[in-house]
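Colleague:
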Amino acid sequence: MNDDSPSKILIDNVWHNNPIFIQILGICSTLAVTNNMTNTLIMTLGVMFVAAFTNVTVSLLKNFIPRKVRMILQTLIISFYVIIVDILLRAYLPEISKALGPYVGLIITNCIIMGRAEAFAQSHGPLISAWDGITSGLGYLWVLMVIAFVRELMGFGTLFGIAVLPESFTTWTIMVMAPSAFFLLGSVLWFAKAMILKQERGK
Amino acid sequence: MMVPDINPIVLLFASIFTSNILLANFLGMCSFISISKDMTSANGLGLAVTVVLTITSMLNWVLLKFVIIPLDITYLRYILFIIVIAATVQILEMIIDRVSPALYMSLGIFLPLITVNCAILGVALFMQIRNYNFVQTVFFSFGSGIGWWLAIMALAAINKKIQKAPVSAALSGPGITLITIGFMAMAFIGFSGMLNVQ
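If you read the sequences in order, they're chains A and B. Residue numbers for the first sequence follow this note's numbering, beginning at 55 and rising by one. Residue numbers for the second sequence follow this note's numbering, beginning at 423 and rising by one.
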């Protein structure tokens with residue numbers, strides 16, 4: 055992969071190499087809040103912010119960090135940005151911050167962020183690394199928003215908290231509970247893999 | 423904040439079954455899916471997670487009550503918790519290497535993976551948000567570890583059977599694993615009438 059043009063990185067991160075499709079990385083922290091679109095959006099934007107800034111920082115510091123301690127230093131850099139996200143949320147969106155509970159802090163252990171810092175920022179310049187972080191976040195955002203859309207619509211009959219389905223609609227309790235997130239993510243993976251296999255066969 | 427009035431024994435069973443750290447709270451998925459292919463490594467990782475989870479939660483509780491809260495530096499808790507976890511894992515690795523090389527062979531390779539396991543940090547944060555006392559923290563973290571272990575062993579066993587089944591090409595791999603986890607989550611939620619904690 056020598057072609058590092060911004061558009062190729064975008065397409066790769068959003069579709070071909072989408073972190074969720076390929077290795078199901080990083081769903082721990084966010085899958086839990088996907089029964090509500092607002093929370094999911096805020097969480098994934100948080101992940102995007104942390105990924106972009108971590109990539110820039112790691113890329114700028116890559117020549118100064120000894121190899122042996124880079125893991126722990128990357129973790130500390132990530133925690134630093136997560137704390138910023140946490141404080142911003144508590145100041146400006148206290149309701150959502152309360153609903154997200156411990157999951158904001160768990161962005162630290164989101165494998166996507168460290169994965170991108172290791173795989174991309176270690177060997178690239180700061181600007182393109184920031185772009186890589188943003189696009190990885192985008193790839194992550196759309197998959198989780200699809201899941202949140204189905205879960206909130208079927209589970210509560212609302213989208214972003216606004217009622218869209220008529221009162222007579224019987225809400226599906228299962229969609230509010232944990233198993234539906236696994237089923238929906240499994241279905242999204244199934245669909246994506248089927249599309250990718252079809253494209254490959256077409257070539 | 424008040425300490426919640428929950429019997430530690432109830433908390434233990436609740437964290438194993440009804441609010442299983444993996445199946446109800448989605449924590450520790452990354453290593454869960456990649457390791458769940460064979461039973462031996464699943465067993466090793468499960469044991470390692472349980473041990474590390476119990477030890478780090480106790481340490482983090484002490485840190486929280488005697489350092490973080492008195493100094494009023496709650497906003498630094500993420501960094502402090504993750505440092506405790508990383509340091510504990512490192513020290514455990516060295517101790518096990520010295521004391522029992524046989525155990526190191528079976529457990530050692532999993533220890534580095536654990537630092538980035540969301541379940542460990544997740545339990546520490548749950549412990550802080552729900553304001554558990556020390557005994558509750560010990561039972562909660564031990565139960566969460568056992569629950570994780572149980573879930574990964576069950577999934578590894580199911581995966582063995584799935585390998586022999588004809589799964590369509592597009593669904594094979596992570597797709598079918600996630601659907602399986604969904605069914606497991608439904609089974610575990612079935613216990614929720616018996617115990618209710620949250």
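Idealized CB from N, CA, C, for every residue including glycine.
Please report how far the alpha carbon of residue 237(A) lies from the alpha carbon of residue 600(B), in whole angstroms.
Modeller: Their backbone Cα atoms lie some 7 Å apart in a straight line.
Colleague: With 8 Å set as the bound, which would you pick, yes or no: does the beta-carbon of residue 244(A) sit closer than that to a beta-carbon of chain B?
Modeller: It does; some Cβ of chain B falls within 8 Å.
Colleague: Which runs of the beta strand (DSSP E) spanning at least 3 residues fall entirely within the segment 120-164 of chain A, listed in chain order?
Modeller: Complete beta strand (DSSP E) runs here, min 3: none at all.
Colleague: If you reduce the DSSP assignment to three classes, tell me which class residue 212(A) lands in.
Modeller: DSSP places residue 212(A) in strand when its eight states are reduced to three.
Colleague: With three or more C-beta pairs closer than 8 Å as the rule, is the segment 181-200 of chain A touching the segment 522-541 of chain B?
Modeller: No contact exists between the segment 522-541 of chain B and the segment 181-200 of chain A.
Colleague: Whole angstroms is fine: what's the gap from residue 178(A)'s alpha carbon to residue 104(A)'s?
Modeller: Going by the C-alpha atoms only, they are around 18 Å apart.
Colleague: Work out the CA separation of residue 482(B) and residue 427(B) for me, nearest whole Å.
Modeller: So the alpha carbons of these two residues sit roughly 21 Å apart.
Colleague: Taking only runs that begin and end inside the segment 531-565 of chain B, name each unbroken alpha helix (DSSP H) of 4 or more residues, in chain order.
Modeller: If we require 4 residues or more, the alpha helix (DSSP H) runs fully inside the segment 531-565 of chain B come out as 533-537, 540-552.
Colleague: Closest by CA to residue 93(A), which one among 112(A), 188(A), 214(A)?
Modeller: Nearest C-alpha to residue 93(A): 214(A).
Colleague: Determine the DSSP secondary structure at residue 587(B), reduced to helix, strand or coil.
Modeller: If DSSP states are grouped into helix, strand and coil, residue 587(B) belongs with coil.
Colleague: Report the partner residues of residue 217(A) according to the DSSP bridge assignment.
Modeller: Looking at the DSSP assignment, residue 217(A) forms a beta bridge with 212(A).
Colleague: In three-state terms, what does DSSP make of residue 116(A)?
Modeller: Correct three-state label for residue 116(A): coil.
Colleague: What whole-angstrom Cβ distance do residue 200(A) and residue 89(A) have, given they're in contact under 8 Å?
Modeller: About 13 Å; that fails the 8 Å criterion.
Colleague: Could you pull out every residue in the same chain whose Cβ sits closer than 8 Å to the Cβ of residue 163(A), ignoring the five residues on either side in sequence?
Modeller: Excluding residues within five positions, the ones whose Cβ falls inside 8 Å are 82, 83.
Colleague: Who are the neighbours of residue 526(B) on chain A, taking C-beta pairs under 7 Å?
Modeller: Under the 7 Å cutoff, chain A gives no residues; its nearest Cβ is about 20 Å from residue 526(B).
Colleague: Taking the beta carbon of residue 499(B) as the centre, do at least 16 other beta carbons fall within 10 Å, making it buried, or is it exposed?
Modeller: Buried is the call here.
Colleague: Listed in chain order, which residues of the segment 203-219 of chain A have Cβ atoms closer than 7 Å to some Cβ of chain B?
Modeller: Those would be none; no residue qualifies.
Colleague: With a threshold of 16 other CB atoms inside 10 Å of the CB of residue 173(A), please say whether the residue is buried or exposed.
Modeller: Flag for residue 173(A) reads exposed.
Colleague: Could you work out which residue in 60(A), 64(A), 78(A), 61(A) is closest to residue 246(A) when comparing CA atoms only?
Modeller: Among 60(A), 64(A), 78(A), 61(A), the Cα nearest to that of residue 246(A) belongs to 78(A).
Colleague: Is the Cβ-Cβ distance between residue 166(A) and residue 123(A) less than 8 Å?
Modeller: Result no, Cβ atoms of residue 166(A) and residue 123(A) do not sit closer than 8 Å.
Colleague: Could you check the C-alpha separation between residue 486(B) and residue 550(B) for me, to the nearest Å?
Modeller: Taking the straight line from one Cα to the other gives about 8 Å.
Colleague: Within 8 Å, do at least three Cβ pairs link the segment 514-530 of chain B to the segment 131-141 of chain A?
Modeller: The segment 131-141 of chain A, when compared against the segment 514-530 of chain B, does not touch it at the 8 Å Cβ threshold.
Colleague: Which of the residues in the segment 586-602 of chain B, read from start to end, lie with their CB under 9 Å from any CB of chain A?
Modeller: Those residues of the segment 586-602 of chain B that come within reach of chain A (Cβ to Cβ, closer than 9 Å) are 590, 591, 592, 593, 594, 595, 596, 597, 598, 599, 600, 601, 602.
Colleague: Interface residues of chain B around residue 231(A) at Cβ under 7 Å?
Modeller: What residue 231(A) touches in chain B: 611.
Colleague: Do you know offhand how far residue 117(A)'s Cα is from residue 73(A)'s?
Modeller: Taking the straight line from one Cα to the other gives about 26 Å.
Colleague: Buried or exposed: which applies to residue 22(A), given that a residue is buried once 16 or more other Cβ atoms fall within 10 Å of its Cβ?
Modeller: Here chain A has residues from 55 to 257 only, and residue 22(A) is not among them.
Colleague: Which two residues bound the contiguous alpha helix (DSSP H) that contains residue 253(A)?
Modeller: Counting along the chain, the alpha helix (DSSP H) containing residue 253(A) begins and ends at 232-256.
Colleague: Since residue 545(B) and residue 443(B) are thought to touch, with beta carbons under 8 Å apart, how far apart are those beta carbons, to the nearest angstrom?
Modeller: Residue 545(B) to residue 443(B), Cβ: 7 Å. Contact.
Colleague: Which same chain residues end up closer than 6 Å to residue 614(B) when comparing Cβ atoms and leaving out the 5 residues on each side of it in sequence?
Modeller: Contacts found: 440.
Colleague: Would you check if the distance between the CB atom of residue 109(A) and the CB atom of residue 169(A) is smaller than 8 Å?
Modeller: In this structure, residue 169(A) does not lie closer than 8 Å to residue 109(A) by Cβ.
Colleague: Can you have a look at residue 128(A) and say buried or exposed, based on whether 16 or more other CB atoms are within 10 angstroms of its CB?
Modeller: Buried is the call here.
Colleague: Taking contact to mean at least 3 C-beta pairs separated by less than 8 Å, is the segment 588-598 of chain B in contact with the segment 463-476 of chain B?
Modeller: Cβ pair count under 8 Å is below three, so no.
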